[in-house]
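Engineer: Take a look at this one; I'll ask things after.
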Amino acid sequence: MQIVVYRRVILTLAVLSSLVAFSIPIISVVDGSTAYQTVVADDFYYYLIPARSFVETGVTSFDGITETNGYHPLWMAVIVSLVGLSGSNFTLFWILLFLLLAALSITTFIQLRSFSELLFGQHWWVSTVVLGAHYYGLAFYLCGMESSIVLPLSVAFFHRFWVVLKKNVPPQASQVFLLAFIASLAILARLDIGPFVLLPMLLFLWRSRLDHKRLVLLSISIFLGLTPVLLYFIYNHLHFGHIIPVSGLAKGLHRADFIFSGHMIQDLARSKRVVGYGAFVLLSVIILVWMVFRRRPISMRWIMVYIGFLIPAGSILIAGFRSDWILWIWHLYWTVPSFVMIGCIVFTVTTEAVTGRNHLNTFMQWISPAVISIAFVVFPEMMLGRSVIHPDYLGIESTALRLREFSRAKGGRYAMGDRAGLTASIIERPVTQLEGLMADIHLLTCISAEKDLQVVLREYDVDYLIVSRSRPFNSSRESRTIEIPDPDQSGPMSYRMKTTFQHAPVYVDSSVAGVYTAVFYCRF
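Laid out in structure tokens, this is it:
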């Protein structure tokens, strides 16, 4: 009875924390404030603007002219649905969005706790660890990115995988099809989860020792379940000429055949954790090789190690070797289930050490959720993200509002690299995203050729270039030298378009946070 009450208390805390977290932007929406616009990530507008374009014209376009596929398809489908439901009522859209994000966060908590209890048993510390992961993970939902939906889908996949696996009878074709279909939804939610949901299914087939006929049947079931992903790739290839989103191609542009992310190395070195990360990755790779070639059935321990260690290590390696770009919080979604697996393993060892000491065990049982809940209340900025507690702390929204007045007076077409999302949404003018994240393949060709930026701006019929950066603008030649993508976003091995304007900017702005914005006229 005690564990039932405890589980209900923890569930109540999880639900309340989600309601509190998402009530902050919802209140902003209802009050008529615009603070909610900076709660979500700037990259969220790379979904919202094309979604509005699709509802109005049937084409996903960021600048109103160039058709693009620079987004993960499942989350785009969700945003398109919300835009379609709300119509021209933007207030309704934002309320529906934040309610959906709150529901997804609670769903992930319930799924993650159910899955963890399946692996570790219905112990009090399982609920406590999942609650801690829930508090930590709320920031992933508040940014409004595709991590909001890939988290519940990936947890659902591994939950279903273990349910099918732990039975002593060979799985039915329908069970394997459902598993593969959930995997396909997770992949469509965020493509880089693909290797981590496909590998367990392939290892299961390899180690299953099934007869040839059943092995073929289950392989066909997996293929059919993954059909949505195959259709997406085929459509992309036929319609856009490449199978993955253009944003993924843009971030993969670099000079060397073999790299490790300059940004990642800088971040690790700056944080003084390079030795720890390196050891973690090396250990995880050794474990993976050992587990792959150890011809034994996939066990509960395998699942724990895979989610807790191997997915984080694999994600670090893939991100590091594939791209030279900086990683943002929504790229680290895998840390939430990893947090739970590692936390539960630690608690398993800890509780064994206090077995028989009932008073100490009871103390730990109630003090643990109390401490992390107090931390949630006392340190909301750390838990929810700075943009929730201090809206527009960088001054991007206020700068964009002033830019809107400029654009209304001048008209014309605009182009921008970093921070183009919210700015484009506010100024309500056509904006070409110059980093290639919302572009066509031609712009990627220009970036990889490192063409003169002013030549590219003329090709795209741009009147004004908006530049946002952390360095002030002055009369020096260096100040008028523009690089896109910005070195603050992409590492030293990335291709860049570059130019030096001969004239001063026609508009200059700055925020108290040290974000400097300038507008250059491109028609001289």
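Sequential numbering of the sequence shown, starting at 847, is according to our numbering. Beta carbons: idealized from backbone N, C-alpha and C, even for Gly.
(1) Between Arg-1304, Gly-1282 and Glu-1305, which lies nearest to Ser-1294 when the distance is taken from Cα to Cα?
(2) Classify Gly-1122 as helix, strand or coil using the three-state DSSP reduction.
(3) Please confirm if Val-1182 has its CB atom under 8 Å from at least one CB of chain B.
(4) Have a look at Ser-874 and Phe-868 and give me their C-alpha separation to the nearest angstrom.
(5) Figure out for me which residue from Arg-1055, Arg-1060 and Thr-912 has the closest Cα to the Cα of Ser-899.
(6) What's the call for His-791, buried or exposed, on a 16-neighbour Cβ count within 10 Å?
(7) Along the chain, where does the beta strand (DSSP E) that runs through Lys-1344 open and close?
(8) Does the beta-carbon of Thr-1327 have 16 or more other beta-carbons within 10 angstroms, so that it is buried, or is it exposed?
(9) Quick one: Cα of Ser-1356 to Cα of Ser-932, how far?
(10) Would you mind working out which of Thr-1245, Asn-915, Gly-1094 and Phe-1023 sits nearest Ile-1066, comparing C-alpha positions?
(11) Tell me the DSSP secondary structure of Tyr-1362 in three-state form.
(12) Under 6 Å Cβ to Cβ from Ser-993, same chain only, skipping five residues before and after it: list those, please.
(13) Output the boundary residues of the beta strand (DSSP E) element that contains Ser-1322.
(14) Let me check understanding here. Comparing Cα to Cα, which of Leu-1045, Lys-1344 and Ile-1272 lies closest to Ile-1157?
(15) Is it right to say Gly-1087 is buried, meaning 16 or more other beta carbons lie within 10 angstroms of its own, or is it exposed?
(16) Taking the alpha helix (DSSP H) that Gln-968 belongs to, which residues open and close that run?
(17) Across the stretch 963-974 and the stretch 913-922, are there enough close Cβ pairs to call them in contact, namely three or more that are closer than 8 Å?
(18) Using CA atoms only, rank isn't needed, just tell me which of Ser-1184, Ala-1261 and Ala-948 is closest to Ile-872.
(19) Report the partner residues of Thr-1278 according to the DSSP bridge assignment.
(20) Could you have a look at Glu-992 and say whether DSSP puts it in helix, strand or coil?
(21) Please report the distance separating the alpha-carbon of Ile-1172 from that of Gly-1337.
(22) When the Cα atoms are used, what is the spatial distance from Leu-1247 to Ser-1314?
(23) Tyr-917 by DSSP, collapsed to three states: which one?
(24) Am I right that Gly-878 and Leu-943 are in contact with their C-beta atoms under 8 Å? What's the rounded C-beta distance?
(25) So, helix, strand or coil for Glu-1305, using DSSP?
(26) In the DSSP output, which residue or residues are listed as bridge partners for Glu-1329?
(27) With distance defined between alpha-carbon atoms, name the residue in Ile-1242, Ile-1272, Gly-1267 and Met-1262 nearest to Gly-1251.
(28) The beta strand (DSSP E) spanning Val-1313 covers which residue range?
(29) Can you give the Cα-Cα distance for Val-924 and Gly-978, rounded to whole angstroms?
(30) By Cβ distance below 7 Å, which residues in the same chain neighbour Ile-957 in space, the five residues on each side in sequence not counted?
(31) Just to confirm before moving on: does the CB-CB distance between Thr-1245 and Ala-1261 stay below 8 Å?
(32) Alpha carbon to alpha carbon, how far is Thr-1181 from Thr-906?
(33) Considering only DSSP beta bridges, list what Asp-1298 is partnered with.
(34) Whose C-beta lies closer than 7 Å to the C-beta of Asp-1332 among residues of the same chain, with five residues either side of it excluded?
(35) Spell out the partners DSSP gives Asp-1286 in its beta bridges.
(36) Ignore the nearest five residues each way along the sequence and tell me which others in Ala-1266's own chain have a CB closer than 7 Å to its CB.
Structural biologist: A quick look at the data gives this:
(1) Gly-1282
(2) Unreliable placement is indicated for Gly-1122, whose pLDDT of 48 sits below 50; no coordinate value is reported for it.
(3) Note that chain B does not occur in the displayed structure, where there is just one protein chain.
(4) 10 Å
(5) Thr-912
(6) In the structure as shown, the chain starts at 847 and stops at 1370, and residue 791 therefore has no counterpart that could be examined.
(7) 1343-1346
(8) exposed
(9) 35 Å
(10) Phe-1023
(11) strand
(12) Phe-986, Trp-1176 and Tyr-1179
(13) Note, Ser-1322: premise wrong, no beta strand (DSSP E); not H, not E.
(14) Leu-1045
(15) exposed
(16) No alpha helix (DSSP H) holds Gln-968; DSSP gives it neither H nor E.
(17) no
(18) Ala-948
(19) Ala-1261
(20) coil
(21) 7 Å
(22) 14 Å
(23) coil
(24) Gly-878 to Leu-943, Cβ: 17 Å. No contact.
(25) helix
(26) Lys-1344
(27) It is Glu, not Gly, that sits at residue 1251 in the sequence shown. For Glu-1251, the nearest C-alpha among the options comes from Ile-1272.
(28) 1310-1315
(29) 28 Å
(30) The residue asked about is misnamed: residue 957 is Gln in this sequence, not Ile. These residues qualify, in order along the chain: Pro-998, Val-1001, Ala-1002 and His-1005.
(31) no
(32) 31 Å
(33) Lys-1344
(34) Gly-1263, Asp-1264 and Arg-1315
(35) Paired residues: none, contrary to the question.
(36) Val-1277 and Gln-1279
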